[in-house]
Amino acid sequence: MYIKMATLANGQPDNTSLSSNHSNPSTNGHMNGLNHSPGNPSTIPMKDHDAIKLFIGQIPRNLDEKDLKPLFEEFGKIYELTVLKDRFTGMHKGCAFLTYCERESALKAQSALHEQKTLPGMNRPIQVKPADSESRGEDRKLFVGMLNKQQSEDDVRRLFEAFGNIEECTILRGPDGNSKGCAFVKYSSHAEAQAAINALHGSQTMPGASSSLVVKFADTDKERTMRRMQQMAGQMGMFNPMAIQFGAYGAYAQALMQQQAAIMASVAQGGYLNPMAAFAAAQMQQMAALNMNGLAAAPMTPTSGGSTPPGITAPAVPSIPSPIGVNGFTGLPPQANGQPAAEAVFANGIHPYPAQSPTAADPLQQAYAGVQQYAGPAAYPAAYGQISQAFPQPPPMIPQQQREGPEGCNLFIYHLPQEFGDAELMQMFLPFGNVISSKVFVDRATNQSKCFGFVSFDNPASAQAAIQAMNGFQIGMKRLKVQLKRPKDANRPY
DNA sequence: TGGAATT
Numbered sequence: 001m002y003i004k005m006a007t008l009a010n011g012q013p014d015n016t017s018l019s020s021n022h023s024n025p026s027t028n029g030h031m032n033g034l035n036h037s038p039g040n041p042s043t044i045p046m047k048d049h050d051a052i053k054l055f056i057g058q059i060p061r062n063l064d065e066k067d068l069k070p071l072f073e074e075f076g077k078i079y080e081l082t083v084l085k086d087r088f089t090g091m092h093k094g095c096a097f098l099t100y101c102e103r104e105s106a107l108k109a110q111s112a113l114h115e116q117k118t119l120p121g122m123n124r125p126i127q128v129k130p131a132d133s134e135s136r137g138e139d140r141k142l143f144v145g146m147l148n149k150q151q152s153e154d155d156v157r158r159l160f161e162a163f164g165n166i167e168e169c170t171i172l173r174g175p176d177g178n179s180k181g182c183a184f185v186k187y188s189s190h191a192e193a194q195a196a197i198n199a200l201h202g203s204q205t206m207p208g209a210s211s212s213l214v215v216k217f218a219d220t221d222k223e224r225t226m227r228r229m230q231q232m233a234g235q236m237g238m239f240n241p242m243a244i245q246f247g248a249y250g251a252y253a254q255a256l257m258q259q260q261a262a263i264m265a266s267v268a269q270g271g272y273l274n275p276m277a278a279f280a281a282a283q284m285q286q287m288a289a290l291n292m293n294g295l296a297a298a299p300m301t302p303t304s305g306g307s308t309p310p311g312i313t314a315p316a317v318p319s320i321p322s323p324i325g326v327n328g329f330t331g332l333p334p335q336a337n338g339q340p341a342a343e344a345v346f347a348n349g350i351h352p353y354p355a356q357s358p359t360a361a362d363p364l365q366q367a368y369a370g371v372q373q374y375a376g377p378a379a380y381p382a383a384y385g386q387i388s389q390a391f392p393q394p395p396p397m398i399p400q401q402q403r404e405g406p407e408g409c410n411l412f413i414y415h416l417p418q419e420f421g422d423a424e425l426m427q428m429f430l431p432f433g434n435v436i437s438s439k440v441f442v443d444r445a446t447n448q449s450k451c452f453g454f455v456s457f458d459n460p461a462s463a464q465a466a467i468q469a470m471n472g473f474q475i476g477m478k479r480l481k482v483q484l485k486r487p488k489d490a491n492r493p494y
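FYI, the numbering for the first sequence is 1 to 494, going by the UniProt record's numbering.
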């Protein structure tokens, strides 16, 4: 008990107990007689809108609310005073939260008491300061990205010190101690943090960094939770090449997450997304079969100048964002007959759903509706009307999570058509196997493709087949270069 | 010839 307190440098309780108390502030309050009683308006004290909740630390454990009250009352009327107790044992934790009715009282108490005296039996002075919950520092804490991995805390400090007082500077490191190339910098004030953003964000590119310095406010707790969940959702679509096509579904899932953040994890694992994956996988097999049929008519000749890569012309996927023609090359299913791509596919009797309007009750149908929607309003005026009701604000597409495949499964592709994006690249390599990721590199400044990219399969045989078929493949004036991606450390001498 | 990154 005492020992536990002593290990806390500032006397604040650990986060879990703090937040649990904070999230349920009335639990203790009703028992100590110092809090307002919500049932009786006449006894509710008013408090300033900008009242400060104070954390009081280094309180002897034999003092309860009524003992502490006189000590603090001399600085103003107390709105709420709550000694923190262990959630399970009810044991006094040696600290309290205190809110005065007036902000001014809190400030007076803090300057008069904080570290100014030591209560009987304690060997450290009393702590009186704004509770962590008052300012978690989020509004003055920066996330700094795109640092050089060699840069130290001191380097970062030097970079940021001109804009204000740095309270905290931490390089994020992996388990091995290596910098992750990013950091947190906490200023004393929001204004300082903002000044640093204005001056430094994008201002320079660190040697070895792939793009310019990122300086932004750090994520809030909620944002962090959201990111984790998104990553989780991304993981599930990882080995599923259809994931990219169901971006609209991913976005739908994201919307759900925002509403149901707390339960999303269990929902996802409980099968809400999984049926989708199963559905997509089944679709994939059917489409792969179709593509294979198409292959017989379209020989895989690497230098079959100007022709179409195997499988690409087969009715493939209904969701390529926009038709792209490169000297006759199209990554899209044929639309010459005026039929939209999805119809071309599903006219083959594998339409997963009868033609009917999607109902809100069926997430799979909604997902499928999302696909149609993505195929484009022009192609689906009628369906789009229905979908517009289902998705009043069509959510943005979540980028596919990038993932390196096993050794020998990752391809480097050069001389891509300028217009090619991730989706088109994936399209091109789907016929050779399970594409777990596709990435076209884009110049961050211009947003233009750098005409090279990477494709990762889940097995080396697919990668080899893709190299065989696609290396040297001519598109327009260029021939694709398709080879295994260089291992990370391959270009180092020795 | 990468995919980044939020304690």
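Yeah, the Cβ is synthetic: ideal placement off N, Cα and C, and Gly gets one too.
Since the model is a prediction, treat every value here as computed from it, not as a measurement.
Start-to-end residues for the alpha helix (DSSP H) that takes in Arg157: 153-160
Opposing strand residues paired with Leu142 [DSSP bridges]: Val185, Phe217
Span separating the alpha-carbon of Val214 from that of Leu68: 47 Å
Bridge-paired residues (DSSP) for Ile475: Lys478
Proximity below 9 Å, CB of Ile475 to CB of Leu416: yes
Cβ pair count under 8 Å reaching 3, the stretch 92-108 against the stretch 45-57: yes
Straight-line gap, Glu424 to Gln230 (C-alpha atoms, nearest Å): 24 Å
Three CB pairs or more closer than 8 Å across the stretch 153-162 and the stretch 115-123: no
Minimum C-alpha distance to Lys149 - residue among Leu142, Val128, Ile171, Lys141: Ile171
Residue range of the unbroken alpha helix (DSSP H) whose run includes Lys117: Neither: Lys117 is in no alpha helix (DSSP H) and is coded neither H nor E.
Rounded separation between Met426 and Gly472 - CA only: 18 Å
Contact check, Val455 vs Phe420, beta carbons under 9 Å: no
Rounded straight-line distance, which links the Cα of Pro175 to that of Lys129: 34 Å
Coil, strand or helix - Ile59 by DSSP: coil
Gln464: first and last residue of the uninterrupted alpha helix (DSSP H) it sits in: 460-470
Opposing strand residues paired with Leu411 [DSSP bridges]: Val455, Leu484
Whether Val435 touches Phe412 by CB criterion (9 Å): no
Cβ neighbours of Leu484 in the same chain (closer than 8 Å, five flanking residues each side left out): Gly408, Asn410, Leu411, Phe412, Ala463, Ile467
Length of the line joining the Cα atoms of Ala261 and Met470: Any reading at Ala261 is ruled out, since the residue's pLDDT is 33, under 50, leaving its predicted position unreliable.
Exposure of Phe88, with buried meaning 16 or more beta-carbon neighbours within 10 Å: exposed
Asp86 versus Arg61, Asp219, Phe72, Ser105, residue with shortest Cα-Cα distance: Arg61
Nearest neighbour of Asn178, chosen from Ser152, Ile166, Ala195, Leu200 [CA to CA]: Ser152
Whole-Å CB distance - Thr220 paired with Glu134, under 8 Å assumed: In fact, because the Cβ distance is near 15 Å, the residues do not count as touching under 8 Å.
DSSP-derived helix/strand/coil call for Lys450: strand
Coarse secondary structure for Ala209, derived from DSSP in three states: coil
Backbone CA spacing between Ala195 and Lys216 [nearest angstrom]: 11 Å
Classification of residue 495 by the beta-carbon crowding that lies within 10 angstroms, buried from 16 upward: Residue 495 is absent from the structure shown; the chain starts at 1 and stops at 494.
Cα-Cα separation, Glu168 to Arg140: 11 Å
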